[in-house]
Every structure is written in structure tokens, then in C-alpha cells.
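See below for the structure under consideration.
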Amino acid sequence: MPHDTTLIGTIVAGLGVAFLMGALAHRLKISPIAGYLLAGILVGPFTPGFVADTGLAMQLAEIGVILLMFGVGLHFSFKDLLSVRKIAVPGATLQIAVATALGTMLGLWLGWSIAGSAVFGLALSVASTVVLLRALQARDMVETEKGRIAVGWLIVEDLVMVLALVLLPAMFGDRGDEGVSAGLLQSAGIVLVKVVGFAAFMFLIARRVLPWVLHWVAHSGSRELFRLAVLAIALGVAFGAAVMFDVSFALGAFFAGMILGETQLSRRAAEETLPLRDAFAVLFFVSVGMLFDPKVIVEQPLPVIATVAIIVIGKSVAAYALVRAFGHKSQTALTISVSLAQIGEFSFILAGLGVGLGVLPETGRDLILAGSMLSILFNPILFTLAVKRIRADEPIEEPSGDIVEEAPEPCNAGVVLIGYGRVGSHIGSMICGRGEGLTVIEDQNDMAAAAREAGATVIVGDATKESILRQAGLDEASTLLIAIPEGVEAGAIVRRARAINPKLVIVARAHSDEEVSDLVRRGADHVVMAERETASRMAERAMLTLA
Numbered sequence: 000m001p002h003d004t005t006l007i008g009t010i011v012a013g014l015g016v017a018f019l020m021g022a023l024a025h026r027l028k029i030s031p032i033a034g035y036l037l038a039g040i041l042v043g044p045f046t047p048g049f050v051a052d053t054g055l056a057m058q059l060a061e062i063g064v065i066l067l068m069f070g071v072g073l074h075f076s077f078k079d080l081l082s083v084r085k086i087a088v089p090g091a092t093l094q095i096a097v098a099t100a101l102g103t104m105l106g107l108w109l110g111w112s113i114a115g116s117a118v119f120g121l122a123l124s125v126a127s128t129v130v131l132l133r134a135l136q137a138r139d140m141v142e143t144e145k146g147r148i149a150v151g152w153l154i155v156e157d158l159v160m161v162l163a164l165v166l167l168p169a170m171f172g173d174r175g176d177e178g179v180s181a182g183l184l185q186s187a188g189i190v191l192v193k194v195v196g197f198a199a200f201m202f203l204i205a206r207r208v209l210p211w212v213l214h215w216v217a218h219s220g221s222r223e224l225f226r227l228a229v230l231a232i233a234l235g236v237a238f239g240a241a242v243m244f245d246v247s248f249a250l251g252a253f254f255a256g257m258i259l260g261e262t263q264l265s266r267r268a269a270e271e272t273l274p275l276r277d278a279f280a281v282l283f284f285v286s287v288g289m290l291f292d293p294k295v296i297v298e299q300p301l302p303v304i305a306t307v308a309i310i311v312i313g314k315s316v317a318a319y320a321l322v323r324a325f326g327h328k329s330q331t332a333l334t335i336s337v338s339l340a341q342i343g344e345f346s347f348i349l350a351g352l353g354v355g356l357g358v359l360p361e362t363g364r365d366l367i368l369a370g371s372m373l374s375i376l377f378n379p380i381l382f383t384l385a386v387k388r389i390r391a392d393e394p395i396e397e398p399s400g401d402i403v404e405e406a407p408e409p410c411n412a413g414v415v416l417i418g419y420g421r422v423g424s425h426i427g428s429m430i431c432g433r434g435e436g437l438t439v440i441e442d443q444n445d446m447a448a449a450a451r452e453a454g455a456t457v458i459v460g461d462a463t464k465e466s467i468l469r470q471a472g473l474d475e476a477s478t479l480l481i482a483i484p485e486g487v488e489a490g491a492i493v494r495r496a497r498a499i500n501p502k503l504v505i506v507a508r509a510h511s512d513e514e515v516s517d518l519v520r521r522g523a524d525h526v527v528m529a530e531r532e533t534a535s536r537m538a539e540r541a542m543l544t545l546a
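With numbering that gives the first Met the number 0 as the guide, the letters of the sequence shown map in order to residues 0 to 546.
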């Protein structure tokens with residue numbers, strides 16, 4: 000029986016080729032993003048062989064944007080957003096103005112109309128949500144001052160783009176000058192009312208309903224139902240925000256995550272959405288590669304170079320100068336400027352609308368796609384160089400990131416515990432309760448705060464990094480307890496810990512015989528499997544009753 004396999008074929012081709020190209024990029028020690036972009040080119044319409052459905056790929060990529068912004072919102076409170084408003088609002092607005100002006104000048108130089116050039120410049124001014132957040136998350140910067148400013152800046156850019164997408168049809172539709180003015184004012188008023196209405200709905204109604212729903216589902220005891228509820232909230236709020244209030248999917252998902260982030264279930268919600276978040280984020284990069292026609296580089300080399308220069312250099316210099324002008328350190332300014340040195344999803348939407356209205360020539364859309372592809376490709380390299388420069392200039396500068404935070408009565412580093420979740424918190428309370436020294440490595444601020452209250456020395460950071468393990472004093476510690484449930488991460492930690500301290504006693508947890516074997520092979524001395532320990536204790540109780 001024949002079936003329509005367009006959707007399945009697009010997902011299989013996108014993820015399959017992305018895996019192969021991503022593995023090749025990893026082998027060559029370059030960013031996997033380069034591999035994902037190349038995968039998109041290979042399955043796109045501009046190269047021979049299998050051609051995936053571009054429209055479906057873009058819709059799947061939107062799901063990735065929704066889940067990514069939802070995850071960021073879970074770790075980003077409304078207080079954090081307000082704390083960066085004084086730099087994010089004026090900074091993003093001025094940076095958009097500078098980038099738009101540079102793009103407009105390039106468009107005029109190419110012989111386009113003023114309107115088309117302005118749309119082209121506006122498309123070059125907004126950064127990609129996925130690229131920026133992936134770069135920050137890979138370096139544990141989302142919850143630092145730099146990360147908060149970058150995310151706040153991104154939210155302002157999204158709001159400006161939402162306004163532009165609504166106003167462009169009113170400005171360039173089929174009406175006279177008087178109609179244009181009236182339509183423009185009417186559209187602007189409607190956008191303002193909808194944005195305010197969305198914010199009011201989220202903070203007055205959804206802020207009460209969504210946490211209650213999630214808590215009710217959590218108390219049902221069904222993990223499957225909890226995962227379904229989280230996905231339904233993330234996707235449902237994002238879709239409802241776009242349909243009912245004409246704001247972006249990303250902005251709706253961010254607000255949904257920010258509201259749920261105020262609950263105690265935020266960490267669990269983040270863990271449940273992580274696998275889908277990563278998979279659909281990969282599809283975003285594949286979709287960008289599918290839109291790219293390599294011929295544009297050969298046919299229009301100078302305009303392509305100029306476009307990339309505006310995105311990578313013009314925007315970065317403007318952002319750096321603005322952040323410095325607001326009194327922030329050069330390290331913060333460098334991080335923000337590099338974060339914004341690329342364009343993505345909103346640029347494609349704006350370019351498509353401009354071409355559809357007959358304002359932007361198709362050449363402009365090709366240049367925007369080329370600029371996006373190349374800037375996304377360069378961005379991980381620029382980020383790596385920026386991080387090296389930051390570390391060289393200021394080795395200890397992460398007020399809320401990877402730093403040691405001591406408890407009122409610091410413990411010694413005899414025992415190091417990784418993870419302070421349900422298992423780790425019980426371990427920590429028993430060790431600190433006996434007055435023993437304990438150092439905890441935890442990457443979530445709420446869990447870190449709980450460990451600090453228990454009397455442990457706390458390091459907020461990623462335990463898979465060697466620098467964090469050394470910061471915990473692992474080279475002098477006697478015992479390492481790995482309480483995180485993720486087997487892959489635990490294996491990487493065991494390998495690095497054993498290299499740092501060969502005499503260290505390492506105790507880890509596992510969920511399967513395969514994980515036990517892998518952890519032992521990597522250097523763990525003792526591995527505790529929950530099911531096996533539970534069975535042993537229950538059997539012991541049964542034997543006592545039979546004796």
C-alpha cells in the first residue's frame with residue numbers, strides 16, 4: 000500500500016546525513032555545526048541526488064527553536080530579564096540601526112531601491128536564536144552576566160523583527176500614500192496591543208495555570224504523562240502566541256519556560272525536553288544548509304564578501320562599542336559582539352516577505368542566505384578565539400558561572416560529589432551531617448544553593464570539563480562520588496578524573512549492565528546499579544522473614 004513518506008524522508012535524510020557529517024567534523028576537530036550545514040547542502044535542491052522537502056525542514060527547524068527557547072526560559076527568570084533591560088533595550092535597538100544602515104548602503108551600491116536596501120539591512124541586523132544559544136550553552140555562559148545580556152539582547156531583537164514583519168505589508172501593500180500612513184499607524188497600534196496583551200496573559204493567567212497543571216501531572220507519578228505535559232506546554236504556548244497574539248514562536252516558548260522556571264520542577268522539565276531539543280536544533284542547521292546555493296559565491300563574490308563583513312565585522316564592532324559605552328568590561332563586550340556575529344531564522348522570514356512584496360530583489364535573498372551560511376560557519380571559530388582572549392585577559396571572571404563558591408564553614412576537598420539531585424542530595428546530607436568535608440560540583444543554581452545550605456563547598460560548572468574537576472581539588476581528593484544519572488557524561492568524568500588522580504577512589508551510579516561495564520572499563524572502582532541494589536535489599540528482607 001503506497002504511503003506519502005515526504006516527512007519521514009526529510010527527517011531521516013536530515014538526521015542521517017547530519018550524523019555522518021557531524022561525526023566527520025568532530026573527527027577533524029572542528030565544530031559539528033559545520034557538518035550539519037554541509038549535510039543540508041548535500042540533501043538540498045542545489046546539489047545532485049536526494050532532495051529533502053525544504054518547507055518541511057523549515058517547519059521542523061521551528062520546533063527546534065521553540066524547544067531551545069523554552070529550555071532557556073526555564074533557567075532565565077523575569078528578574079534576570081529586567082536586570083539587563085538598561086543595556087539590552089537601547090543596545091539592541093542601536094545595533095539594529097547600525098547594521099540596517101550598513102546593509103542599506105550596500106543595497107544602494109548594488110543599485111536597489113531605498114526600500115529594498117532597508118529591508119536587506121534589517122535582515123542582516125538580527126542574530127539567530129539557535130546559533131547564539133547553542134554557543135552560550137556549550138560554554139556554560141547562559142546564566143552568567145554575559146549570557147543574560149546576550150539573551151536579553153536577543154529578546155529585544157525578536158520583538159523588533161515581529162514589529163517589522165507586521166508593518167512591512169502595511170507599508171508596501173497596494174494603497175496610496177494616505178493609506179500607507181493610516182495602515183502603518185493602525186498596524187503599529189495593533190502590534191503594541193497584542194504584545195502587551197500577550198505579556199498580560201502570561202503573567203496574570205498562565206503564571207497561575209501552567210505551574211498548577213505541571214504539579215498535578217507530576218503528582219500523578221507518570222513520567223510519560225509529565226514529559227507529554229512539558230512538550231504540550233512548550234509547543235502549545237508558542238503556537239498560541241503566534242496565532243492569537245502575532246508574536247514569534249521563540250518568544251512565546253521563552254515566556255512559557257520562564258514561568259515554569261519559577262517552579263521546583265524546572266530542572267526535571269529541562270531534562271525531559273533535552274533529547275528533542277538537540278535533535279530539532281540539528282534539523283535547524285540542516286534546513287539552513289538546504290537553502291544555500293553554492294553558486295552565489297562564484298557568481299557574486301564581492302557582494303557576498305561585503306554581506307558577510309557587515310554581519311561578522313560591522314555588527315560585532317557596533318555591539319562591542321555599545322556594550323563598552325554602557326560601562327561593561329571588555330570581556331563582556333567581546334562575548335556579546337561575537338554572539339551576535341551571525342544571522343538566521345528571522346532573516347529568512349524577512350527576506351521571503353520582502354521578495355513576496357516585490358520590495359527586495361531575489362538577489363538580496365540569495366545574499367542573505369549566503370551571509371547566514373558563512374556567518375554560522377565562522378561563528379564557532381570566532382567564539383573560540385574570543386573565549387581564549389577573555390581567559391588570557393581575565394582568568395577569573397565568571398560571577399555566576401564556573402567558580403568556587405564557599406559555604407560559611409568551608410569543608411576540605413577529601414570527598415568530591417558530582418550532582419546534587421535526588422541521589423546526590425541524600426549523599427550530601429549524610430556526609431555533611433557527620434561533619435565530614437565535601438565539595439559539590441553542580442551546574443544548576445537551585446541545586447547548588449541546596450548543597451551550599453547543607454554545608455558543602457560548591458562549584459557551579461560542567462563536571463565533564465577538566466578545569467572544573469581540577470578546580471574542585473580532585474588531584475588531592477581521596478574519593479569521587481558521581482551521582483548524575485547520565486551514563487555518557489559519567490563515563491567522560493571517570494576518564495578525566497582517573498587521568499588527573501590515578502590514586503582516586505571513584506564510585507559511580509548506573510542504570511544498566513552496559514553502563515556498569517563501561518564505567519569500570521574507564522576507571523571506576525565501584526559502580527552502584529539502583530535495580531541491583533534494590534533487589535539485594537528486598538531479597539535480604541525476605542530471607543530475614545523466612546529465617
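From the three backbone atoms N, C-alpha and C, an ideal C-beta is built for every residue, glycine too.
So, using beta-carbon positions, are residue i and residue j closer together than 8 Å?
i	j	result
Glu-441	Val-414	no
Gly-363	Trp-111	yes
Phe-253	Val-125	no
Leu-473	Ile-499	yes
Leu-250	Ile-154	yes
Gly-288	Ala-38	yes
Met-123	Ser-346	For clarity, residue 123 is Leu in the given sequence; the question names Met instead. In this structure, Ser-346 lies closer than 8 Å to Leu-123 by Cβ.
Gln-341	Ile-380	no
Gly-151	Ala-87	yes
Ile-375	Gly-343	yes
Val-64	Thr-128	yes
Met-160	Leu-349	yes
Ser-338	Ala-96	no
Leu-282	Leu-368	no
Please report the residue range of the alpha helix (DSSP H) in which residue i lies.
i	result
Ala-308	300-308
Glu-488	486-499
Thr-4	Premise fails: Thr-4 is in no alpha helix (DSSP H) and is neither H nor E.
Met-429	421-432
Suppose the cutoff is 7 Å on Cβ atoms and the five residues either side in sequence are ignored; what does the same chain contact list for residue i look like?
i	result
Ala-471	Ala-412, Val-415, Thr-438, Ile-440 and Ile-458
Ala-453	Gly-427, Ser-428 and Cys-431
Arg-206	Ile-258
His-145	As written in the sequence, residue 145 is Lys, which differs from the His given in the question. If we look at Lys-145 and ignore the five residues flanking it on each side, its Cβ neighbours are Thr-331, Thr-334 and Ile-335.
Leu-582	What the structure shows of the chain is the stretch from 0 to 546, and residue 582 is not part of that stretch, so it cannot be assessed.
Pro-407	The predicted position of Pro-407 is uncertain, since its pLDDT is 36 and thus under 50; no value can be drawn from it.
Glu-397	Low confidence applies here, because Glu-397 scores a pLDDT of 42, under 50, leaving its location unreliable and the question unanswered by this model.
Leu-101	Gly-120, Ile-309 and Gly-313
Ala-217	Phe-225 and Leu-264
Gly-423	Leu-416 and Ala-482
Which two residues bound the contiguous beta strand (DSSP E) that contains residue i?
i	result
Leu-416	414-417
Val-457	456-459
Leu-479	478-481
Thr-438	438-441
Val-506	504-509
Met-528	525-528
Could you give the distance in angstroms between the alpha-carbon of residue i and the alpha-carbon of residue j?
i	j	result
Ala-240	Leu-468	42 Å
Leu-264	Glu-465	29 Å
Pro-47	Val-322	46 Å
Ala-98	Leu-203	36 Å
Thr-383	Met-140	13 Å
Lys-28	Gly-21	10 Å
Leu-545	Glu-539	10 Å
Glu-547	Pro-300	Limits of the chain in this structure are 0 at one end and 546 at the other, which puts residue 547 out of reach.
Thr-463	Phe-244	42 Å
Met-57	Ser-286	6 Å
Trp-215	Ala-228	10 Å
Arg-222	Ala-268	11 Å
Leu-158	Met-446	33 Å
Which whole-angstrom value is the C-beta distance of residue i and residue j, which I expect to be below 8 Å?
i	j	result
Leu-259	Leu-209	6 Å
Ser-247	Arg-147	At roughly 20 Å, the Cβ-Cβ gap does not stay under 8 Å, so Ser-247 and Arg-147 are not in contact.
Met-372	Leu-36	6 Å
Ala-255	Phe-69	6 Å
Gly-418	Ala-482	4 Å
Ala-318	Gln-94	5 Å
Leu-213	Thr-272	12 Å between Cβ atoms; not a contact.
Pro-302	Leu-366	6 Å
Which residues in the same chain have their Cβ closer than 6 Å to the Cβ of residue i, if we skip the five residues on either side of it in sequence?
i	result
Thr-103	Ser-116, Ala-117 and Gly-120
Pro-44	Val-50
Ser-315	Ser-336 and Ala-340
Thr-478	Val-414 and Val-504
Ser-219	none
Going by beta carbon distance, what residues of the same chain come within less than 8 Å of residue i, once the five residues before and after it are set aside?
i	result
Arg-133	Ile-32, Leu-67 and Ala-280
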